[in-house]
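*Asks:* Protein chains in written order, with our numbering: chain A, 1 to 152; chain B, 1001 to 1184.
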């Protein structure tokens, strides 16, 4: 849960505040847990929503894109096949992404939400979530390419 | 994983490795101070009970336990009466649950439905067991007791829901449709 907070808020201080606020509010509102989802998902949703609210206070922007996404952003670059990724490097890369990009990418790839759920969580359309995700992946690749260049 | 590129696959396959950060220890102290439990007279050092409070919330989500094995007996009348009251309520609800469980087991003929129900029950049982341990060992407050009873009622509600579906399935199709219409 702490790692989820950290990934969404992007800094330790906010992550700890969100974790604290979420646990306290979950405990006090345990009676509202209806059992329609698993307890873990219920608690995680509280944590994610609170973390998003913390980020929203810092004014997060999403580029709304309707229709088809630019294919060049979706396609996997040929040279990627030869790259060997490292968790530390990818984590570092994700932390360097702009806020909106980081959120969609981590919610989709690490927290495991689908684009419909991300749309509900972030109050954006499903297609905006998809396009934002493709852009964030493209941006992350660029960052990783730079990092790998310096790492030799 | 179909249709996912190398970067996506790498992140998804290594999700757990992205969860390596730990919050500072004093974070749990801050959570404890906000949970507003009544102060408990202790006969043994009560270090770390707040871990338990936080951990029971974490259980369903992260699937690990941090339980300190020590015993602190309730030392005042209020606590003793809470424990007694809880035991009576627990006996009442567990007998209701046992009845319904027996009915469900005899009526559920789909293996998938049985397994799903068992998984759901187990999840509630796990949370219940840890909260009960917290209640009996160090926090016999009304607040924790209410949450324990809420979990037992929750279990009954899940079973009732399942029984209702089974009853409905036994009815002729025309009556099922009527029921659907009236529920709308």
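Backbone N, C-alpha and C fix where the C-beta goes; we use that ideal spot for every residue, glycine too.
Keep in mind it's a predicted model, so treat the numbers as computed, not measured.
1. By the criterion of Cβ-Cβ separation under 7 Å, what are the contact partners of residue 1019(B) in chain A?
2. Any contact between the region 1012–1026 of chain B and the region 2–17 of chain A? By contact I mean 3 or more CB pairs, one from each, below 8 Å.
3. Does the region 1008–1017 of chain B come close enough to the region 113–127 of chain A that 3 or more CB-CB pairs lie under 8 Å?
4. Using 8 Å as the cut-off, can you tell me whether the region 42–53 of chain A makes contact with the region 1161–1173 of chain B, which would need three or more C-beta pairs spanning the two stretches below that distance?
5. Does the CB of residue 121(A) have a neighbour CB from chain B at under 7 Å?
6. To the nearest angstrom, report how far apart residue 1070(B) and residue 1119(B) are at their CA atoms.
7. Would you mind stating whether residue 26(A) and residue 46(A) have Cβ atoms separated by less than 7 Å?
8. Classify residue 1078(B) as buried or exposed, calling it buried when 16 or more other Cβ atoms lie within 10 Å of its own Cβ.
9. Roughly how many angstroms separate the alpha carbons of residue 1157(B) and residue 140(A), rounded to a whole number?
10. Are there 16 or more other CB atoms within 10 angstroms of the CB of residue 1099(B), so buried, or fewer, so exposed?
11. For residue 1072(B), does the three-state DSSP call read helix, strand or coil?
12. Using 10 angstroms around the beta-carbon of residue 98(A), count the other beta-carbons present and answer buried if the total reaches 16, otherwise exposed.
13. Quick check on the DSSP output: the alpha helix (DSSP H) that includes residue 49(A) runs from which residue to which?
14. Quick one: grab the DSSP three-state call for residue 1087(B).
15. Please name the residues in the region 89–104 of chain A whose beta-carbon is closer than 8 Å to at least one beta-carbon of chain B, in chain order.
16. The alpha helix (DSSP H) spanning residue 1033(B) covers which residue range?
17. Helix, strand or coil: which one does DSSP assign to residue 120(A)?
18. Consider the Cβ of residue 1023(B): report whether some Cβ of chain A lies at a distance smaller than 7 Å.
19. Counting only Cβ pairs nearer than 8 Å, list the residues of chain D close to residue 138(A).
20. So, helix, strand or coil for residue 25(A), using DSSP?
21. Name, going along the chain, the residues of the region 30–61 of chain A whose beta-carbon falls closer than 9 Å to a beta-carbon of chain B.
*Replies:* Once the coordinates are examined:
1. The residue given as residue 1019(B) occupies position 19 in the second chain. What residue 1019(B) touches in chain A: 3.
2. Taking 8 Å as the limit for Cβ pairs, the verdict is that the region 2–17 of chain A does touch the region 1012–1026 of chain B.
3. These segments do not touch.
4. Not touching, per the Cβ criterion.
5. Taking the first residue of the first chain as 1, we reach residue 121(A) at position 121. For residue 121(A), the nearest beta carbon of chain B is not closer than 7 Å to its own beta carbon.
6. Looking up residue 1070(B) in the second chain gives position 70. Looking up residue 1119(B) in the second chain gives position 119. Any answer about residue 1070(B) is weak, because its pLDDT of 45 lies below 50 and its placement is not dependable; what the coordinates show is given next. Each residue's Cα considered, the two are about 30 Å apart.
7. Here residue 26(A) refers to the residue found at position 26 of the first chain. Here residue 46(A) refers to the residue found at position 46 of the first chain. Taking 7 Å as the Cβ cut-off, residue 26(A) and residue 46(A) qualify as a contacting pair.
8. Along the second chain, one-based indexing puts residue 1078(B) at 78. Result: exposed.
9. For the purposes of this step, residue 1157(B) is identified with residue 157 of the second chain, where counting begins at 1. For the purposes of this step, residue 140(A) is identified with residue 140 of the first chain, where counting begins at 1. One C-alpha to the other measures close to 46 Å.
10. The residue given as residue 1099(B) occupies position 99 in the second chain. Burial is judged here by how many other beta carbons sit within 10 angstroms of a residue's own beta carbon; residue 1099(B) has fewer than 16 and is exposed.
11. Stepping through the second chain from its first residue, residue 1072(B) is reached at position 72. Confidence at residue 1072(B) is low in this model, with a pLDDT of 47, below 50, so the placement of that residue is unreliable and no value is reported for it.
12. Taking the first residue of the first chain as position 1, residue 98(A) is located at position 98. Per the 10 Å Cβ criterion, exposed.
13. Counting from one through the first chain, the residue named residue 49(A) turns up at place 49. 39–56 is the extent of the alpha helix (DSSP H) around residue 49(A).
14. As a working mapping, residue 1087(B) is identified with position 87 in the second chain. Note: residue 1087(B) maps to helix in three-state DSSP.
15. Residues 90 and 91.
16. Sequence index remark: in the second chain, residue 1033(B) carries index 33 (1-based). Segment 1026–1035, the alpha helix (DSSP H) holding residue 1033(B).
17. What you label residue 120(A) is simply residue 120 of the first chain in a count that begins at 1. Here residue 120(A) carries a helix assignment [DSSP, helix/strand/coil].
18. In the second chain, the residue the question calls residue 1023(B) occupies position 23. Contact with chain A is found for residue 1023(B), since one of that chain's Cβ atoms lies less than 7 Å from the residue's Cβ.
19. The structure shown has no chain D; the protein chains it does contain are A and B.
20. Residue numbering aside, residue 25(A) sits at position 25 when the first chain is read from its first letter. Of the three classes helix, strand and coil, the one that applies to residue 25(A) here is helix, per DSSP.
21. Correct list: 30, 31, 33, 34, 35, 38, 39, 40, 41, 42, 43, 44 and 47.
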